[in-house]
Structures are given as C-alpha cells and as structure tokens.
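*Asks:* In the working numbering, the protein residues as written are 2 to 239. Think of the CB as a built atom: it goes at the ideal place given N, C-alpha and C, for glycine as much as any other residue.
As structure tokens, this is what we get:
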C-alpha cells in the first residue's frame with residue numbers, strides 16, 4: 002500500500018525562510034512591493050498563480066470570513082447557510098450550499114467553506130490543467146457522493162467509535178467528472194484503465210496539495226470508487 006505523508010518540519014522551515022526573505026525584500030524595497038501571490042500578508046486569491054506561499058495562505062484562510070472572501074475569488078456559486086447543529090457532535094459550521102466551483106457544475110451539496118475553497122483550488126490549479134494537458138478537453142461537471150453524513154468512521158476492519166469527518170462535512174467524496182466534449186470519467190472504471198489511469202493519478206496527486214487528507218483507490222477497497230478529500234488531518238496522501 003502506498004503511503005505518503007507531507008513532511009511537516011522541512012516544509013515549515015522552508016516556509017519560514019520564504020517569509021523572512023519576503024519581509025527582507027519589502028524592508029529593502031518598500032516602494033516596489035511584492036506581487037500579491039508572493040506577499041505572505043496578502044489574502045488568498047484562487048485565481049492567482051500558485052506559489053510556495055499558497056498553501057500557507059490557504060491554511061490561514063480557515064477563519065470564516067477569510068474563507069468566504071477567498072471563495073469569492075473563485076467563481077464559485079454558493080449560498081451561505083446557518084450553522085447546522087445535529088445529534089451529538091454532528092453538524093456543519095461555516096455551512097454552504099455549493100452548486101458550482103470554478104467552471105465545474107455539480108449537484109448541489111451542503112458542506113463547509115473550507116471544503117468548497119479547497120475544491121476551488123484543486124479545480125483551478127490541478128483538475129483543469131491536467132484535463133487540458135492529458136485529455137485535450139476541460140472538465141465541466143464534477144460528480145460526488147455528498148459531504149455531510151452523521152456517521153462513525155469506517156475502516157476495512159469495520160466501524161470505529163470515532164466520528165467520520167463527514168459527520169461535520171469536513172470531507173467530500175469525489176466519484177468522477179464529465180468533460181466538455183461529453184466524455185464521462187468514472188473513477189471506479191478509470192483508475193485501472195490504461196487510457197485514463199495517468200490522468201486519475203495526476204489529479205489525485207494534485208488533490209493532496211490542497212486537502213489535508215486525501216484517500217483513493219490504493220488506500221483500501223472502501224475507496225475503490227471515490228476520492229475521500231478532507232480539510233482536516235496531517236497531510237496524509239494515499
């Protein structure tokens with residue numbers, strides 16, 4: 002089983018070095034300034050080029066108003082909803098009803114702003130570039146198995162006593178796409194298909210860049226037909 006965990010300490014050290022260099026540049030050349038996407042103090046803009054600071058900005062955007070401000074730069078279509086309080090620890094904070102992310106239509110889904118924002122980053126900087134490069138067409142629709150589900154976590158050995166990230170809508174399950182030329186792409190059949198397997202692995206790797214936990218078909222049989230993408234976790238990608 003392939004297991005990849007994004008290294009925390011080297012990444013944190015590199016980020017601190019970048020922040021120090023950026024601060025030094027601004028101090029020496031205050032009249033010039035930094036491009037917003039290289040300025041660690043500038044808010045996240047989904048449409049801006051991705052840099053080594055973008056993940057830092059994304060994590061800093063988890064605060065509610067910062068998240069919604071960033072989401073508004075992405076062409077997402079969503080409705081803000083009141084907090085959902087359900088049985089036990091289930092519910093949805095920073096709740097949205099999302100019906101489009103970037104150029105992707107989708108069946109409306111209730112989720113968190115953090116998930117919606119990470120989907121927007123993935124669409125802009127992962128999905129569409131890979132679809133254009135590898136398949137010669139853009140994606141117009143994303144298919145999913147929903148986000149919110151008040152249930153315990155499931156494993157290949159059975160249930161657990163812990164709540165799933167779906168119980169707070171901090172995860173979404175992606176099952177496929179539809180291309181502009183009409184081709185449907187289903188993960189269940191495409192992961193092992195030589196025509197599409199490289200595309201699927203490329204976009205999964207891209208998801209790992211923007212989500213804190215990403216689980217796919219190589220993880221276990223429970224994920225054979227979808228990507229489990231989560232806004233919480235410790236950089237797990239497998």
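1) Give the straight-line distance between the Cα atoms of residue 147 and residue 206, rounded to the nearest whole angstrom.
2) Are residue 102 and residue 77 touching if we call contact CB-CB under 8 Å?
3) Which runs of the alpha helix (DSSP H) at least 4 residues long sit entirely within the stretch 186-214? Give them in chain order.
4) Hey, would you say residue 121 sits closer than 8 Å to residue 72, going by beta carbons?
5) Quick one: using the 10 Å Cβ neighbour count with 16 as the cut-off for buried, is residue 183 buried or exposed?
6) Going by CA-CA distance only, name the one from 154, 87, 125, 118 that's closest to residue 59.
7) Near residue 151, which residues of its chain fall below 7 Å by C-beta distance, leaving aside the five closest residues on each side in sequence?
8) Please state whether DSSP places residue 111 in a helix, a strand or coil.
9) Beta carbon of residue 123, beta carbon of residue 208: below 8 Å?
10) Helix, strand or coil for residue 66 per DSSP?
11) Nearer than 7 Å: is that true of the beta carbon of residue 63 relative to any heavy atom of the ligand FAD?
12) Judging by CA-CA distance, which residue of 143, 219, 144, 188 is the nearest neighbour of residue 157?
13) Going by beta-carbon coordinates alone, are residue 227 and residue 176 separated by less than 8 Å?
14) My understanding is that residue 46 touches residue 65, with C-beta atoms under 8 Å, so please give their C-beta distance in whole angstroms.
15) Can you name the start and end residues of the beta strand (DSSP E) that residue 230 belongs to?
16) From what residue to what residue does the beta strand (DSSP E) around residue 172 run?
17) Within 10 Å of its beta-carbon, does residue 75 have 16 or more other beta-carbons around it, so buried, or fewer, so exposed?
18) With distance defined between alpha-carbon atoms, name the residue in 237, 145, 126 nearest to residue 203.
19) Beta carbon of residue 232, beta carbon of residue 115: below 8 Å?
20) Alpha carbon to alpha carbon, how far is residue 131 from residue 191? Give it in angstroms, no decimals.
21) Residue 32 to residue 40, Cα distance in whole Å?
22) What residue does the beta strand (DSSP E) around residue 129 start on, and which one ends it?
23) Would you mind reading off the limits of the beta strand (DSSP E) that contains residue 99?
24) Given a cut-off of 8 Å, decide if residue 223 and residue 163 are closer than it, judged by their beta-carbon atoms.
*Replies:* Looking at the atomic coordinates:
1) About 21 Å.
2) Yes, Cβ-Cβ distance for residue 102 and residue 77 is below 8 Å.
3) If you keep only unbroken alpha helix (DSSP H) runs of at least 4 residues inside the stretch 186-214, you get 188-191, 198-211.
4) The Cβ atoms of residue 121 and residue 72 sit closer than 8 Å to each other.
5) Burial call: exposed.
6) When each option's Cα is compared against that of residue 59, the closest is 118.
7) Excluding positions up to five away in sequence, the list reads 87, 88, 91, 168.
8) In the structure shown, residue 111 adopts extended strand secondary structure according to DSSP, grouped into three states.
9) The beta carbons of residue 123 and residue 208 sit closer together than 8 Å.
10) For residue 66, the three-state secondary structure derived from DSSP is helix.
11) The ligand FAD is not among the ligands present in this structure, which contains no ligands whatsoever.
12) That would be 219, whose Cα lies nearest to the Cα of residue 157.
13) Cβ atoms of residue 227 and residue 176: closer than 8 Å.
14) Actually they are not in contact, since the Cβ atoms of residue 46 and residue 65 sit about 18 Å apart, beyond 8 Å.
15) Counting along the chain, residue 230 sits inside the beta strand (DSSP E) bounded by residues 228-231.
16) Where residue 172 is concerned, the enclosing beta strand (DSSP E) starts and stops at 172-180.
17) Around the beta-carbon of residue 75, 16 or more other beta-carbon atoms lie within 10 Å, marking it buried.
18) That would be 126, whose Cα lies nearest to the Cα of residue 203.
19) Cβ distance < 8 Å, so residue 232 and residue 115 count as in contact.
20) Residue 191 and residue 131: Cα-Cα distance of roughly 15 Å.
21) Note that residue 32 scores a pLDDT of 47, beneath 50, so its modelled location is shaky and nothing firm can be said.
22) First-last for residue 129: 129-136, but that is the alpha helix (DSSP H), not the beta strand (DSSP E).
23) Residues 96-102.
24) No, they are not a contact pair.
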